[in-house]
Structure formats: C-alpha cells, structure tokens
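Q:
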Amino acid sequence: MGTDVGAGLLYSMLSLSAGNCKCLGPRVVDKPESPVAIADRPSELACAQVRERKRIWQFRVFGTTAASRDGKSALSNRLMKESNSMTTQKNTKNSTILFALALAIGAAACGSDASVGDTEGAYLTIQGDAQLFLEPGYQRNLAVQYTDGQGNALTGEVSFEILGEARGTTIDRDYGATNAQGEASLTLYAGEQETVIRVKASADYAASVEWTVSVTEGATPLEMDIRGKYELDSDFDIINGLPGSVGSVANTFADLTDGPNDPATYILDELLEGQTSFVATAVNALRPAIDGMVNDVIIDNAPGVVDDLLELGNAFGQVSRQFGIVSTMDIKGDSIEANNMVAIHTTQAFSFQLDGETFIFTMDELGVDEETIENITVGYDSATGKVDFAQHTVPVHYGGFLALALEEVIIPRIDSSASSLQELLANKIDCEGVGVSLEENVGIFGESFYEGACEIAIEAVASIVMEELREIDEHAPVNMLIDGIATVKDPSGDGKADSMTKGNWSGAMEYDGTMGDLADNANPFAGARMASPN
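Residue numbers for the sequence shown follow our numbering, beginning at 5 and rising by one.
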C-alpha cells in the first residue's frame with residue numbers, strides 16, 4: 005500500500021514538474037535530427053524525459069498510459085483509505101524522498117533557459133506580411149513566432165507544408181525548431197510557373213497560420229537597395245562605321261577569296277606590286293590564264309584553302325562587329341530615397357564568341373591598364389524596378405583586341421600549326437609550286453625567283469593586316485559612347501538587389517571624329533552583385 009502512495013505522490017510531482025517546464029513540444033516527426041540541433045534544445049529533451057517518466061508511472065499506478073479522471077479518483081480513494089493506517093506512517097519517509105526526487109527531476113528537466121508563461125494557450129504569429137507576391141525564380145524567408153498566452157517564447161517544433169498546386173515552388177524544410185525568441189523559419193523558393201499557394205505552419209496546442217503566396221510575372225517590386233558593386237557582361241553590335249582601317253582589313257580577307265581564281269589572283273597582284281615593269285609586263289601578258297594555272301597548283305596542294313580563307317574572313321568580320329566587354333559597375337550614394345546615386349564603371353576584359361564558344365582577353369593580356377569611368381549619374385524607379393545609367397565614354401582598345409583575337413583564336417582554329425597570319429598563308433599557299441608553274445609558263449627568271457617573290461608577297465599581306473590593326477589604337481582612341489537601362493532583381497529577398505537583367509545599351513562607337521552606330525535593341529547587358537570583401 006505504501007508503494008501506491010509513493011507512486012501517487014511521485015506521479016503528482018512529475019506532473020507538476022513537467023507542467024512547470026512550459027514545454028509544449030517537441031512535435032513528433034519522422035525525421036531524425038542532427039546532434040547539433042539536439043544540443044541546441046536541452047530543455048526540450050529534458051521535458052520529453054519527464055513526460056516519459058510520467059507515462060511509465062501512470063502505467064504502474066493505473067495500468068494505462070493515459071491518466072483518466074476515474075483513475076485519479078480511484079487513486080484519491082485509495083490514499084484516503086490508507087491515511088489512517090500505520091503503513092502510511094511507515095512510508096512517510098519514503099514518500100518524502102520520492103517527493104524530493106520528483107522536484108529534483110523537474111528542476112533538472114526544465115533547466116535555466118526554459119520558457120515561462122501560461123501553457124494552457126499557445127499561439128503562432130506570422131512575422132511580416134501574410135500576403136506575398138513573388139516573381140518566378142525568387143526566394144523569400146518566412147518566419148513565425150511560437151508564444152504562450154502571456155507572449156513568452158516557447159520551445160518546440162513548428163511544421164510547414166505547401167497547400168495547393170505548387171508547380172515547382174518548394175520550401176527548404178517541413179519542420180523547424182524554435183530559437184531563443186520562439187521563432188522558426190523556412191525559405192520559400194518560387195518555381196518558374198505562375199501559381200497561387202498557401203504555406204501552412206502548425207505547432208502543438210496552437211492554431212495553425214497560413215501565408216498566401218502568388219507567384220507571378222510582374223509582381224510588385226519590393227523596395228530594395230541597389231547600391232553595391234556588380235559584375236557586368238555587355239555585348240555590342242556595330243551596324244556601320246567600323247573604326248579606322250578595320251574595314252580595309254576585312255576587305256583584304258574578302259579579296260583573298262572573291263575572285264574565280266583566288267587566292268592565286270590576289271597573290272599574283274601582290275607579287276607584281278613590287279617588281280619591275282619588265283617582270284610585270286611578262287607575267288601580265290599571260291593573264292588571266294596564268295591565274296588559273298597558279299590557282300590549280302595551290303588547290304592541288306591545299307584543297308580546302310578557299311574555304312579556310314573564307315572562314316578566316318568571316319570570323320574576323322564577326323568579331324570586329326560583335327564583341328563584348330566585361331566590367332564592374334559600382335553604385336554609390338547617401339540614400340536611395342534621395343536618388344542622388346552615382347556609379348563607377350571599370351572595364352576589365354574584352355570578349356567575343358565563335359561557334360558558340362566564348363573567349364575573353366583581360367586588360368593585362370592586351371598590355372593595357374583597366375579603364376575607370378567615374379561620376380556616372382544613376383537613376384532608379386522603385387515602382388518599376390528600373391535602373392538607368394547616364395551616357396558615359398568607355399575606351400575600347402579595339403585594334404589590339406582584334407589583332408589578339410586573330411592570332412590567338414581565329415588562326416589556330418583554322419590551322420593548329422600556325423600562330424600568325426603569315427604562317428597561315430604560307431601553309432595554305434604553295435609558293436614552290438607557284439614558282440614551278442610560272443617558270444614553265446613565263447620563263448625568264450627561273451623557279452627560285454618566282455618562289456621568293458611569292459613568299460615576299462605573303463609576308464607583305466600579313467604585315468599590312470597586322471600593322472593596320474595595331475595602328476588603330478596608336479592613331480586615335482576608340483570609344484564607346486553609351487547609356488543603358490536595366491531591371492534590378494532581389495531573388496534572395498534580403499532587401500538588396502542581387503542582379504540586373506534585361507539590360508540594353510544605346511549609343512555609338514566613336515573614332516577620329518567618325519561614329520559607328522550600335523544596332524537598336526541589340527546591345528544587351530546583365531549584372532550580378534559581387535560579394536563584399538571580408
């Protein structure tokens with residue numbers, strides 16, 4: 005009988021101790037938790053241990069794991085019957101020990117950081133707006149606070165779930181433990197498809213709460229801070245007015261392939277350019293028949309020579325008209341509201357594409373310093389999320405860039421054994437064969453003379469092309485006069501613009517007083533915020 009009395013008192017004390025813990029969780033979930041997560045919630049686990057002890061004592065006293073009101077009445081009757089007996093007096097000492105033990109267990113379970121308040125009522129409160137509008141691909145942090153009836157933070161777990169047709173929208177977790185402030189949070193990732201969903205948060209003893217989330221294009225932009233440093237990738241398309249002698253260089257490549265007997269006709273023209281009138285007269289007397297003979301010799305030794313030279317000219321023309329600039333845009337200002345921001349635009353590299361592959365040359369590789377343009381006026385419309393950059397001048401090391409592109413990329417793609425235009429032409433044009441053909445049909449000077457003249461002609465063509473390119477930058481600076489507009493985005497939802505999208509530059513390329521217009525709506529740029537230095 006004394007054991008029953010002790011059991012009853014211990015059950016009562018355990019109930020009191022568990023109640024004093026003010027722990028309304030943890031919620032039972034199927035997912036294991038990491039040791040770190042467990043270590044962060046000592047009071048929660050301790051309270052769980054008290055509940056388990058309570059369950060065991062309920063079973064021993066009542067024969068059930070749930071204490072009913074009838075069970076409690078039976079216990080009271082039994083205690084009353086024993087109150088006048090000697091057995092009760094005999095076990096007073098044991099009951100006192102059990103009582104002290106129960107208090108000690110309760111105190112240890114609750115710990116010093118347990119929440120306090122009225123555990124009869126628990127509440128979940130959404131932190132921030134419950135109605136959200138997100139662009140596809142955006143993300144947003146959602147948080148709730150778990151409190152008791154007096155507003156005190158509670159320790160426990162909050163579960164999350166998406167209700168409705170998600171269409172690619174996801175959450176990064178379906179439950180989370182509260183922190184010291186009683187808050188639990190998750191990250192919502194909007195999918196690429198438009199949808200309207202609800203995100204539900206639930207916890208023990210509290211009514212669930214929900215966010216309504218609309219994923220839609222053109223969602224109302226959030227107020228965001230656009231100040232910061234962005235890496236920009238810009239592409240330009242020049243529709244006319246190529247700077248300096250770039251046009252004549254492009255024509256040179258065209259001249260190598262545009263005649264019925266090219267490249268032989270072009271090479272013979274260059275060969276005779278530096279010869280005496282007697283030699284020119286002797287060779288010209290047999291033209292154009294000799295052109296066909298020489299061309300047959302070249303094609304027999306290099307069957308794909310015309311196609312290779314056409315590829316060379318086309319690739320050069322493409323790069324000269326369509327190229328890119330890699331740069332940074334650093335936006336500064338005292339405040340966004342005052343709209344008094346300015347930017348610093350710094351060019352770092354030039355780029356171009358061939359057959360879908362991107363090539364980049366840094367300023368170091370070009371042998372020049374980075375170009376910095378300061379005090380660019382910046383405008384920002386928070387209602388539309390548009391940012392615009394006033395017109396500014398960006399220096400372009402155009403000739404050096406094209407020369408490097410030609411020798412480092414275009415030529416090796418056509419002939420991997422060639423590292424210069426002269427080597428490429430020498431590999432494609434058989435000067436020895438040209439000498440033999442001219443000797444057989446013209447005579448007079450011998451094979452070696454014509455072979456040497458052919459080699460000199462090839463060297464002259466290559467030298468003219470490369471020198472014209474390099475002289476562009478030496479004669480006068482090539483500048484891009486541009487202004488641009490883009491849309492800023494904040495996919496991370498942290499209040500700072502993360503990217504610039506749908507950007508486009510307008511303007512022209514200026515060289516020695518002449519202007520080459522940029523194609524309309526064909527000069528895109530995009531930017532990404534750079535990480536702040538530590």
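Think of the CB as a built atom: it goes at the ideal place given N, C-alpha and C, for glycine as much as any other residue.
Three or more C-beta pairs closer than 8 Å, one from the segment 528-537 and one from the segment 170-180: is that the case here?
A: No: the two stretches stay apart, fewer than three of their Cβ pairs being nearer than 8 Å.
Q: Can you tell me whether Ser510 is helix, strand or coil according to DSSP?
A: It is a strand residue.
Q: If you draw a straight line from the C-alpha of Val346 to the C-alpha of Leu522, how long is it?
A: Roughly 25 Å separates the two Cα atoms.
Q: Between which two residues does the alpha helix (DSSP H) holding Ile303 run?
A: Where Ile303 is concerned, the enclosing alpha helix (DSSP H) stretches over Ala293 to Asn305.
Q: Less than 8 Å separating the beta-carbons of Gly437 and Glu443?
A: In this structure, Glu443 does not lie closer than 8 Å to Gly437 by Cβ.
Q: Count Cβ pairs between the segment 495-506 and the segment 466-478 that sit closer than 8 Å; are there 3 or more?
A: Output reads no: the segment 466-478 does not touch the segment 495-506.
Q: Do you know how far the Cα of Ala319 is from the Cα of Asn431?
A: Taking the straight line joining both Cα atoms gives about 19 Å.
Q: Determine, using beta carbons only, whether Ala181 and Ala188 come nearer to each other than 8 Å.
A: Taking 8 Å as the Cβ cut-off, Ala181 and Ala188 qualify as a contacting pair.
Q: To the nearest angstrom, how far is it from the Cα of Phe282 to the Cα of Ile377?
A: Rounded to whole angstroms, Phe282 to Ile377 spans 58 Å at the Cα level.
Q: Would you give the residue range spanned by the beta strand (DSSP E) that Phe529 belongs to?
A: Here the beta strand (DSSP E) through Phe529 covers Pro528 to Arg533.
Q: Where does Leu167 land, buried or exposed, given buried means 16+ other C-beta within 10 angstroms?
A: Classification for Leu167: exposed.
Q: Can you list, in chain order, the residues of its chain whose CB lies under 8 Å from that of Met534, leaving out five sequence neighbours each side?
A: Hits under 8 Å: Gly232, Lys233, Tyr234, Glu235 and Thr332.
Q: What residue from Thr129, Asn145, Ser238 and Asn244 has the CA that sits closest to Ala210's CA?
A: When each option's Cα is compared against that of Ala210, the closest is Thr129.
Q: In its own chain, which residues sit with a C-beta less than 7 Å from the C-beta of Gly439, not counting the 5 before and 5 after it?
A: Excluding residues within five positions, the ones whose Cβ falls inside 7 Å are Glu451, Ser452, Tyr454, Glu455 and Cys458.
Q: On the DSSP bridge list, what partners appear for Lys336?
A: In DSSP, Lys336 forms a bridge with Val346.
Q: Mapping DSSP to helix, strand and coil, what is Ser331?
A: If DSSP states are grouped into helix, strand and coil, Ser331 belongs with the strands.
Q: For Ser212, count neighbouring C-beta atoms within 10 Å of its own C-beta (all shown protein chains included) and say buried if the count is 16 or more, exposed if not.
A: Classification of Ser212: exposed, given that the 10 Å Cβ count is below 16.
Q: What span of residues does the alpha helix (DSSP H) with Thr561 cover, start to end?
A: Past the boundaries of the shown model lies residue 561; the chain is included only from 5 to 538, so the question cannot be answered.
Q: Comparing alpha-carbon positions, which option in Tyr127, Asp239 and Arg202 lies nearest Asp524?
A: Looking at the Cα atoms, Asp239 is the closest of the given residues.
Q: Among Ser503, Ser423, Asn183 and Arg417, which one has its Cα closest to the Cα of Ile230?
A: Measuring from the Cα of Ile230, the nearest candidate turns out to be Ser503.
Q: Along the chain, where does the beta strand (DSSP E) that runs through Val413 open and close?
A: Premise fails: Val413 is in no beta strand (DSSP E) and is neither H nor E.
Q: Could you tell me which of Asp295, Pro399, Gly263 and Ile201 sits nearest to Glu165, measuring between CA atoms?
A: When each option's Cα is compared against that of Glu165, the closest is Ile201.
Q: Helix, strand or coil for Gly437, going by three-state DSSP, please let me know.
A: DSSP places Gly437 in helix when its eight states are reduced to three.
Q: Return helix, strand or coil for Asn145, following the three-state DSSP convention.
A: Of the three classes helix, strand and coil, the one that applies to Asn145 here is strand, per DSSP.
Q: Helix, strand or coil: how does DSSP classify Ser163 here?
A: Strand at Ser163.
Q: Starting from Val398 and walking both ways along the beta strand (DSSP E), at which residues does that stretch end?
A: From DSSP, the beta strand (DSSP E) with Val398 extends over Lys390 to Val400.
Q: Mind checking Gly426: buried by the 16 CB within 10 Å criterion, or exposed?
A: It should be pointed out that residue 426 corresponds to Gln in this sequence rather than to Gly. It counts as buried.
Q: Give the DSSP bridge partners of Asp524, in chain order.
A: According to DSSP, which records beta bridges pairwise, Asp524 is partnered with nothing at all.
Q: Whole-angstrom Cβ separation of Gln352 and Gly511, contact assumed at under 8 Å?
A: Wrong, their Cβ atoms sit about 20 Å apart, outside the cutoff.
Q: Rounded to a whole number of angstroms, what is the C-alpha to C-alpha distance between Val482 and Thr505?
A: So the two alpha carbons sit approximately 27 Å from each other.
Q: Should Pro267 go down as buried or exposed, given a rule of 16 or more other Cβ atoms within 10 Å for buried?
A: Counting Cβ neighbours within 10 Å, Pro267 comes out buried, since at least 16 surround it.
Q: Hey, how far is the Cα of Gln185 from the Cα of Tyr150?
A: Each residue's alpha carbon lies about 8 Å from the other.
Q: Quick one: what does DSSP say Arg171 is sitting in, helix, strand or coil?
A: Here Arg171 sits in coil by DSSP.
Q: Using a threshold of 8 Å, state whether the C-beta atoms of Leu272 and Val287 are closer than that.
A: Yes, the Cβ-Cβ distance between Leu272 and Val287 is below 8 Å.
Q: Quick one, are the C-beta atoms of Gly317 and Phe257 less than 8 Å apart?
A: In contact: Gly317 and Phe257 (Cβ atoms closer than 8 Å).
Q: Identify which residue in Ile414, Gly328 and Ala134 has its Cα closest to the Cα of Tyr402.
A: When each option's Cα is compared against that of Tyr402, the closest is Gly328.
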